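Peer 1:
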Amino acid sequence: MCRFIVGSLMILLALPAVLSAEPLAHTYSIVARDPATGNFGVAVQSHWFQVGPTVPWAEAGVGAVATQSFVKIDYGPEGLALMKAGTPAREALDQLLAKDPQKDVRQVAMVDARGRVGAWTGPSCIRAAGHHTGEGYSVQANLMDKDTVWPAMAAAYESAEGDFADRLLAALDAAQGEGGDIRGRQSAAILIVRAQSTGKPWQDRIVDLRIDDHPDPLAELRRLLQLHRAYESMNLGDEAFAKGEIDKAVELYTRGAELAPDVVELPFWKAVTLFMAGHEDDALPIFRDVFAREDRWQRLVPRLPASGLLPDDPEKIRKILAVAPGGE
1183 MCRFIVGSLM
1193 ILLALPAVLS
1203 AEPLAHTYSI
1213 VARDPATGNF
1223 GVAVQSHWFQ
1233 VGPTVPWAEA
1243 GVGAVATQSF
1253 VKIDYGPEGL
1263 ALMKAGTPAR
1273 EALDQLLAKD
1283 PQKDVRQVAM
1293 VDARGRVGAW
1303 TGPSCIRAAG
1313 HHTGEGYSVQ
1323 ANLMDKDTVW
1333 PAMAAAYESA
1343 EGDFADRLLA
1353 ALDAAQGEGG
1363 DIRGRQSAAI
1373 LIVRAQSTGK
1383 PWQDRIVDLR
1393 IDDHPDPLAE
1403 LRRLLQLHRA
1413 YESMNLGDEA
1423 FAKGEIDKAV
1433 ELYTRGAELA
1443 PDVVELPFWK
1453 AVTLFMAGHE
1463 DDALPIFRDV
1473 FAREDRWQRL
1483 VPRLPASGLL
1493 PDDPEKIRKI
1503 LAVAPGGE
């Protein structure tokens, strides 16, 4: 008992120095390598403001890291650097822990390009705290309401259907279903990068969404993921249109609009594409619906010919505007 008291006092005396330089992120998270695509991902939820910039780290072709509890951000970039140099995840984590005098308050997990996993829950992380590692993934949590959180996360991830993002979020939902963070909820994030690097990091991030402050961050994260998918479909439609693949472009635009039916802009650009491709009769009903919902798009139409996005033909522009409420 005396040893426990002395040890605890030493930890408490050291904490002010930790807190003065490093953010808190008592939380639950998952790091994983998708066995289907090889992509890497991290998803996290916490009752702490703006968890996204500190906990999740990932690099295409390298791996992923989650650093939490009394966060030492160095574990993210330094862990990735070690794995990029060929150090397995477990060894990379051990090297970083060996030089961290405050390792007892850390919680860190890593997965490398071969799906090897390393995880650590320091003995002084606030309970309930623990982790579970499986094939190509690790789930970890601290300051939880119950110690059933991380086993539930593991089971949910392994049994979840859908794409990689869906399965990562299923783990977070399972954690919340077990009571989650004893303090409640505030922020969340999801980061997914490609299996292989393109050499252009800005193209390697497939999903990068953050909820900094929200009463239900997981619900908001799912809403943003749906919007992300909608706009991703629109971007792919733009690429198809640029290649002259009109049917494919229209299909992608349609899917994007269906994923986010409240976003008026998405069908507007579908209508523009159809009109430019000569499918005027298909485009006009879409323009009509868009103009009825928000008249700002009606005001935008006459500006588009100068940018080559609609025909530079006054008669055709009048034809579009005529379907607006009150149009001729």
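All letters in the sequence shown, in the order written, are residues 1183 to 1510 by the working numbering.
Note that the Cβ used here is the ideal one computed from N, Cα and C, for glycine as well.
All values reported here derive from a predicted model rather than from experimental measurement.
#1: Is the segment 1285–1297 in contact with the segment 1340–1351, if contact means three or more CB pairs nearer than 8 Å?
#2: Identify whether R1404 lies in helix, strand or coil by the three-state DSSP scheme.
#3: CA-CA distance, D1355 and G1509?
#4: Mapping the DSSP letters down to three states, classify E1440 as helix, strand or coil.
#5: Kindly confirm or deny that the segment 1396–1413 and the segment 1260–1268 touch, where touching means at least three C-beta pairs closer than 8 Å.
#6: Do you know whose CA, among M1458, E1260 and L1466, lies nearest S1489's CA?
#7: Quick one: Cα of E1427 to Cα of P1493, how far?
#8: Nearest CA to the CA of P1383: which residue from A1242, P1259, Q1227 and T1209?
#9: Would you tell me roughly how many angstroms separate the C-alpha atoms of L1278 and E1260, rounded to the nearest one?
#10: Just to check my reading of the structure: A1370 and L1325 have Cβ atoms closer than 8 Å, yes? What is that Cβ distance to the nearest angstrom?
#11: Classify K1254 as buried or exposed, calling it buried when 16 or more other Cβ atoms lie within 10 Å of its own Cβ.
#12: Using 10 angstroms around the beta-carbon of P1496, count the other beta-carbons present and answer buried if the total reaches 16, otherwise exposed.
#13: Within this structure, are the beta carbons of T1209 and S1228 separated by less than 8 Å?
#14: Counting C-beta neighbours from all protein chains within 10 Å, is the total for V1188 16 or more, i.e. buried, or is it exposed?
#15: Helix, strand or coil: which one does DSSP assign to G1258?
#16: Give me the residue from E1414, D1329 and D1276 with the minimum Cα distance to M1292.
#17: Please tell me whether, using a cut-off of 7 Å, the distance from the CB of F1457 to the nearest non-hydrogen atom of the ligand ATP is below it.
#18: Taking the beta strand (DSSP E) that L1373 falls in, what are its first and last residues?
#19: Since I believe A1323 is in contact with G1316 (beta carbons under 8 Å), could you give me their beta-carbon distance rounded to a whole number of angstroms?
#20: Compare the beta carbon distance of Q1506 and L1448 with 8 Å and say whether it is the shorter of the two.
#21: Are the CB atoms of R1475 and V1454 within a distance shorter than 8 Å?
#22: How is R1296 classed by DSSP in three states: helix, strand or coil?
#23: Would you report the Cα separation of D1282 and A1439, rounded to the nearest angstrom?
#24: Going by DSSP, name the residue or residues bridged to Q1289.
Peer 2: Put simply:
#1: no
#2: Within the sequence shown, the letter at position 222 stands for residue 1404. The answer is helix: DSSP assigns R1404 an H, G or I state.
#3: If you number the sequence shown from 1, residue 1355 lands on position 173. If you number the sequence shown from 1, residue 1509 lands on position 327. Rounded to whole angstroms, D1355 to G1509 spans 49 Å at the Cα level.
#4: For this step, residue 1440 is matched to residue 258 along the sequence shown. Reduced to three states, the DSSP call for E1440 is helix.
#5: no
#6: For the purposes of this step, residue 1489 is taken as the residue at position 307 of the sequence shown. When only C-alpha atoms are compared, the closest one is M1458.
#7: Along the sequence shown, one-based indexing puts residue 1427 at 245. Along the sequence shown, one-based indexing puts residue 1493 at 311. Between E1427 and P1493, the C-alpha separation is close to 19 Å.
#8: Locating residue 1383 in the sequence shown gives position 201, counting from the first residue. Minimum Cα distance to P1383 is reached at A1242.
#9: For the purposes of this step, residue 1278 is identified with residue 96 of the sequence shown, where counting begins at 1. For the purposes of this step, residue 1260 is identified with residue 78 of the sequence shown, where counting begins at 1. In a straight line, the C-alpha of L1278 is about 8 Å away from that of E1260.
#10: Sequence index remark: in the sequence shown, residue 1370 carries index 188 (1-based). Sequence index remark: in the sequence shown, residue 1325 carries index 143 (1-based). At roughly 15 Å, the Cβ-Cβ gap does not stay under 8 Å, so A1370 and L1325 are not in contact.
#11: Here residue 1254 corresponds to residue number 72 of the sequence shown, with the count starting at 1. So K1254 ends up on the buried side.
#12: As a working note, residue 1496 is residue 314 in the sequence shown. Under this definition P1496 is an exposed residue.
#13: For the purposes of this step, residue 1209 is taken as the residue at position 27 of the sequence shown. For the purposes of this step, residue 1228 is taken as the residue at position 46 of the sequence shown. Yes, the Cβ-Cβ distance between T1209 and S1228 is below 8 Å.
#14: Counted from its first residue, the sequence shown places residue 1188 at position 6. Low confidence applies here, because V1188 scores a pLDDT of 33, under 50, leaving its location unreliable; read the following figure in that light. Answer is exposed; the Cβ neighbour count stays below 16.
#15: Walking along the sequence shown from the start, residue 1258 turns up at place 76. Three-state result, G1258: helix.
#16: To locate residue 1292, count along the sequence shown from 1; it is residue 110. Out of E1414, D1329 and D1276, D1276 has the C-alpha closest to the C-alpha of M1292.
#17: Because no ligand of any kind appears in the structure shown, any question about the ligand ATP cannot be addressed here.
#18: Within the sequence shown, residue 1373 is the residue found at index 191, counting from 1. Taken as a continuous stretch (DSSP letters only), the beta strand (DSSP E) holding L1373 covers S1369 to V1375.
#19: By 1-based counting over the sequence shown, the position of residue 1316 is 134. By 1-based counting over the sequence shown, the position of residue 1323 is 141. Not quite, the Cβ-Cβ distance comes to about 15 Å (not below 8 Å), so this is no contact.
#20: Position 324 of the sequence shown, counted from the start, is the residue given in the question as residue 1506. Position 266 of the sequence shown, counted from the start, is the residue given in the question as residue 1448. Position check: residue 1506 holds Ala in this sequence, whereas Gln was assumed. No. Outside cutoff.
#21: Here residue 1454 refers to the residue found at position 272 of the sequence shown. Here residue 1475 refers to the residue found at position 293 of the sequence shown. Contact: no.
#22: In the sequence shown, the residue the question calls residue 1296 occupies position 114. In the structure shown, R1296 sits in coil (DSSP, three-state: anything other than H, G, I, E or B).
#23: Locating residue 1282 in the sequence shown gives position 100, counting from the first residue. Locating residue 1439 in the sequence shown gives position 257, counting from the first residue. Those two C-alpha atoms are separated by around 50 Å.
#24: Here residue 1289 refers to the residue found at position 107 of the sequence shown. Paired residues: Q1250 and T1303.
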